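Chains as they are written, first to last, in our numbering: chain D, 700 to 1019; chain U, 433 to 514. Quick reminder that beta carbons are idealized off the backbone N, C-alpha and C, glycines included. Computed from a predicted structure; not experimentally measured.
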C-alpha cells in the first residue's frame, strides 16, 4: 500500500444510502462490531421518509408515518454505532481487497461496499414540468402539500404512491383530479380508501387520461392539458403532484464494472453480490426488487450477513 | 460570518428535518418557522424563495446580506453556513 493510500480513512463496510435497506444492513453489521459508515446525499430514510403513511410495514397495526419509521430505523442503527455521513459517493474504484470511494468528504477505503441508493420519483417529461418545478409542479406531497390549502390540485399516476399521496393531499386541497394513464394499480386497501374520497367529492379519478402539458401564468400553474378518448381535456388547477414510478439512483455506477440492467437497476446474484467483487446491492436499487419497504429492510439484513461471510472469506460469489 | 438562520418547515417534511439535523451537527442555532403552525407566514416563505416548497433556509450574514436555500441542498447549504 502506498503512503498516500495509508492516509485514506478505511472502514470495514461503507453503505451508500441511508434508506430502510441501508439502515437495516447497518443494524446487522454494527451489532457484530463491523465498522460501518453510511453516506446519504438526500434524506435519511429515503423515499420511506417522505411517504405520508406506511400501512404495510410489519409491526405497526395502525400504520406508521414514514418520517417516524425512518427516524426509528436511524436511531436503532446509531444505537449500535453506525455513523451516517451527510454527503455523496461519486465513484467506486476496485483496488483489490479494498474499494476506494470518491466522496464529497474525500477518498475513503472500504473492505466491502453496499449499494443501497434506492430510487427517486420519475418525471413525466411534458412541457411545463421543468419550467414550473417547485412553483406548481411537485414530487413530494409531505413537503409541499401545505402550500395548497383550499386550492385545487392535479395528481398524476395510478400506483400506490399516487393514490396514497392523493389521499394525503385531501387534507389541504378542496378538490383533486387524479389523472391515470391506464387503470388504478394501487393495492385494494388504498383503492377502497380512495373510493371514500371519490364518494365525498374530494377526488375525481380520470382513467385512461394522459398528461400532455402543464400551463401557467405569472410564474404559477393554472391548468393541465390531458387527452382522454382522443380528445383534449383541460383540468384547472393550482398545482400538480407527479407520482408515475421510480428511477434508480445509479448514475454514479455507469463508469464502474457494476453491471446494471437496461433501466439502470443493479444486477446481483443470489448473495446480493454485484459484478464488482466485494460490492453488494440491496433494496429498491437492485434489479428485480419488489419496491417495498419491508422487502428492502429484509434485503438489507441479508446483505449484511453476506457481507460478513465475504469479510470472513466464506462467501463465493456466483458472478464476477 | 453567519448572523442568524431561519428555516421554514412543515410537520411532515423529511427534508426539513435533514436541514435541522445538519445545522444541529454543526452546532448552529436557528429559528424555525413551522408553516403548519403559522400558515399566515407561507407567503413570506414564497416571497423569499420564489418556490412553493419547504424547507426554505434563509441565512443572514453579519453584513445583513441574505442567502436563500430552497430544499435540502448540501452543496449550497454547507458553504452558506461555513
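Asked                                                                                                                                                                                                   : Found
Report the residue from U:440, U:462, U:511 whose alpha carbon sits nearest the alpha carbon of residue 469 (chain U).                                                                                  : U:440
For residue 859 (chain D), does the three-state DSSP call read helix, strand or coil?                                                                                                                   : helix
Going by DSSP, what residue range makes up the beta strand (DSSP E) through residue 876 (chain D)?                                                                                                      : 874 to 878
Using the beta-carbon of each residue, which ones in chain D are nearer than 9 Å to residue 462 (chain U)?                                                                                              : Correct list: empty, because the minimum Cβ distance to chain D is about 16 Å.
What's the gap between the Cα of residue 922 (chain D) and the Cα of residue 832 (chain D)?                                                                                                             : 14 Å
Taking beta-carbon pairs under 9 Å, can you tell me which members of the segment 468 to 487 of chain U lie near chain D?                                                                                : 468, 471, 474, 477, 478, 481, 482, 483, 484, 485, 486, 487
Grab the span of the beta strand (DSSP E) containing residue 807 (chain D) for me, first residue to last.                                                                                               : 805 to 814
Would you decide whether residue 931 (chain D) is buried or exposed? Buried here means 16 or more other CB atoms lie within 10 Å of its CB.                                                             : exposed
In angstroms, rounded to a whole number, what distance separates the CA positions of residue 693 (chain D) and residue 494 (chain U)?                                                                   : With chain D covering only 700 through 1019, there is no way to say anything about residue 693 (chain D).
Please look up how many angstroms separate the CB atoms of residue 713 (chain D) and residue 836 (chain D), rounded, as I've assumed it's under 8 Å.                                                    : At roughly 35 Å, the Cβ-Cβ gap does not stay under 8 Å, so residue 713 (chain D) and residue 836 (chain D) are not in contact.
If we call anything under 8 Å between Cβ atoms a contact, is residue 936 (chain D) one with residue 920 (chain D)?                                                                                      : yes
Please report the Cβ distance between residue 1010 (chain D) and residue 970 (chain D), rounded to the nearest whole angstrom; I am assuming they are in contact, meaning their Cβ atoms lie under 8 Å. : Rounded, the Cβ-Cβ distance is 13 Å, inconsistent with contact.
Residue 504 (chain U) and residue 857 (chain D) look like a contact to me (Cβ under 8 Å); what is the Cβ gap, rounded to whole Å?                                                                       : Residue 504 (chain U) to residue 857 (chain D), Cβ: 28 Å. No contact.
When the Cα of residue 880 (chain D) is compared with those of D:843, D:980, D:823, D:991, which residue comes out closest?                                                                             : D:823
From D:782, D:954, D:943, pick the residue whose C-alpha is nearest to that of residue 732 (chain D); which is it?                                                                                      : D:782
Which residue wins for smallest C-alpha separation from residue 968 (chain D), given the options D:961, D:962, D:977?                                                                                   : D:977
Starting from residue 799 (chain D), follow the alpha helix (DSSP H) in both directions and report where the run begins and ends.                                                                       : Not the alpha helix (DSSP H): residue 799 (chain D) falls in the beta strand (DSSP E), residues 797 to 802.
Return the chain-ordered list of same chain residues with a C-beta closer than 7 Å to the C-beta of residue 769 (chain D), the five sequence neighbours on each side being excluded.                    : 743, 744, 747, 748
Please say whether residue 465 (chain U) and residue 483 (chain U) have beta carbons closer to each other than 8 Å?                                                                                     : no
From the beta carbon of residue 790 (chain D), is the nearest beta carbon of chain U less than 8 Å away?                                                                                                : no
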